[in-house]
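Here the structure comes first, spelled out in structure tokens, and everything after it is commentary.
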Amino acid sequence: MGRFLAAVRRFFSFFFLRRSEEVRRAADRQFAGSVEGIQAAYAIDRDRLASEFRGLQEAVAQVLTVAEDKRIRLERLDQEEKQLQLQLNGAIRAAEATQASGDSAEYEKAKAAYGRYRARLTEIDETQTTLDAQITQTEKSISTHMGRLTEMQHRLERLPQEEAETVAEFVSARQIVELNNRLMHAQDSLREGPASLVREQVRTLSAQARITEKLAGTDVHLQDRQYAELGREMEGADSLEAVLRARRAQREAAPGEAAATEVPVHEAVTSEPPERPRI
576 MGRFLAAVRR FFSFFFLRRS EEVRRAADRQ FAGSVEGIQA AYAIDRDRLA SEFRGLQEAV
636 AQVLTVAEDK RIRLERLDQE EKQLQLQLNG AIRAAEATQA SGDSAEYEKA KAAYGRYRAR
696 LTEIDETQTT LDAQITQTEK SISTHMGRLT EMQHRLERLP QEEAETVAEF VSARQIVELN
756 NRLMHAQDSL REGPASLVRE QVRTLSAQAR ITEKLAGTDV HLQDRQYAEL GREMEGADSL
816 EAVLRARRAQ REAAPGEAAA TEVPVHEAVT SEPPERPRI
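Just so we're aligned: 673 in our numbering is position 98 of the sequence shown, and the numbers increase by one with no gaps anywhere.
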């Protein structure tokens, strides 16, 4: 049962984490997907920063008020210290006078006043030391917070210009993307247009023509015709040589035998037909 409940908790945890991530991404797309979204993002950032600035400013003002109160208290203690110092000196002089006159009652009175003034002066010294340390620490803290306030103020003053620059950069980048998309779409249109189809068909036909030329050179019937032409040329050449040999033999024969042995040209040629060249 425990494992089942743990699995159910894990399921719902993952489910809500996934949904929250989807919501975050959708919010990011709303802010970063348009000029209005960018302006809204800067407006939110500006309001948040202004709220932090006002809160820190109020806190610093309160700390300054406390520091001023401590300074005023320290000044009052200084004045009280001066007054007590005068009273202490008076008590000392009164004690000296009563001691000389032997008035013990007045002496005890002066002695008690001296002790009271002395204790108060000691208390004032301790308080002054504590206040001085607190004022020094407060001034350091105020200096740190004032630097933070100055930085936030500069940031607030810088936000409008930064917003304008960001919007301009976003618009420029988006236009460049749109132009590139249009260019790529135009190139796709050129590749897919009628002229592209015609060029592709012509290239295909040219390739087919080259292939058919190569195949035509290896055709058996074409080879037979070529070899027959060569055979006829050789046959004609052999017949002419036979005629020339017969006529030369007639001229070399005796004059008396020339008439008897002379053989007509066409008979000499046809009596011994030349052997056909074998292919």
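Beta carbons are placed, not taken as given, at the ideal position from N, Cα and C, and that holds for glycine.
Is it buried or exposed, residue i, if we count other Cβ atoms within 10 angstroms and call 16 or more buried?
{"i": "Y802", "result": "exposed"}
{"i": "L659", "result": "buried"}
{"i": "A782", "result": "exposed"}
{"i": "A828", "result": "exposed"}
Give me the Cα-Cα distance between residue i and residue j, rounded to the nearest whole angstrom.
{"i": "V535", "j": "V638", "result": "What the structure shows of the chain is the stretch from 576 to 854, and residue 535 is not part of that stretch, so it cannot be assessed."}
{"i": "A833", "j": "D799", "result": "The pLDDT assigned to A833 is 45, lower than 50, so where the model puts this residue is not dependable, and the model offers no usable value."}
{"i": "R695", "j": "M727", "result": "46 Å"}
{"i": "S716", "j": "I710", "result": "10 Å"}
{"i": "L649", "j": "T702", "result": "8 Å"}
{"i": "K645", "j": "E740", "result": "47 Å"}
{"i": "E656", "j": "E698", "result": "10 Å"}
{"i": "I619", "j": "R733", "result": "15 Å"}
{"i": "E780", "j": "V746", "result": "As written in the sequence, residue 780 is Leu, which differs from the Glu given in the question. Looking at the two C-alpha atoms, the distance is approximately 48 Å."}
{"i": "R853", "j": "R822", "result": "Unreliable positioning characterises R853 in this predicted model, as indicated by a pLDDT of 46, which lies under 50. The coordinate reading is nonetheless provided below. So the two alpha carbons sit approximately 27 Å from each other."}
{"i": "R749", "j": "N756", "result": "10 Å"}
{"i": "A582", "j": "G612", "result": "40 Å"}
{"i": "P735", "j": "R651", "result": "48 Å"}
{"i": "H729", "j": "E753", "result": "36 Å"}
{"i": "Q825", "j": "A784", "result": "58 Å"}
{"i": "T713", "j": "N664", "result": "36 Å"}
{"i": "E643", "j": "T705", "result": "15 Å"}
{"i": "D707", "j": "G630", "result": "27 Å"}
{"i": "I647", "j": "D700", "result": "16 Å"}
Please classify residue i: does DSSP put it in a helix, a strand, or coil?
{"i": "G630", "result": "helix"}
{"i": "G690", "result": "helix"}
{"i": "D678", "result": "coil"}
{"i": "A739", "result": "helix"}
{"i": "A670", "result": "helix"}
{"i": "S609", "result": "coil"}
{"i": "L636", "result": "Looking at the sequence shown, residue 636 is not Leu but Ala. Helix."}
{"i": "A828", "result": "coil"}
{"i": "T845", "result": "Bear in mind that a pLDDT of 46 at T845, under 50, signals an unreliable position, so the number given afterwards is only what the model happens to contain. In this structure, T845 counts as helix in the three-state DSSP scheme."}
I'd like the list of long-range same chain contacts for residue i, defined as Cβ closer than 6 Å, with 5 residues on each side in sequence excluded.
{"i": "V641", "result": "none"}
Going along the chain, which residues of its own chain have a beta-carbon closer than 7 Å to the beta-carbon of residue i, five neighbours each way excluded?
{"i": "I786", "result": "none"}
{"i": "Q632", "result": "L724"}
Is the beta carbon of residue j closer than 8 Å to that of residue i?
{"i": "E744", "j": "Y617", "result": "no"}
{"i": "A685", "j": "A669", "result": "yes"}
{"i": "V635", "j": "M721", "result": "yes"}
{"i": "Y692", "j": "Q662", "result": "yes"}
{"i": "Y682", "j": "I667", "result": "no"}
To which residues of the same chain is residue i closer than 8 Å at the C-beta, ignoring the five residues directly before and after it?
{"i": "L731", "result": "R621, L624, A625, F628"}
{"i": "Q614", "result": "E738, V742"}
{"i": "S679", "result": "T673"}
For residue i, is the beta carbon positioned less than 7 Å from some heavy atom of the ligand ADP?
{"i": "K715", "result": "The ligand ADP is not part of this structure, which contains no ligands at all."}
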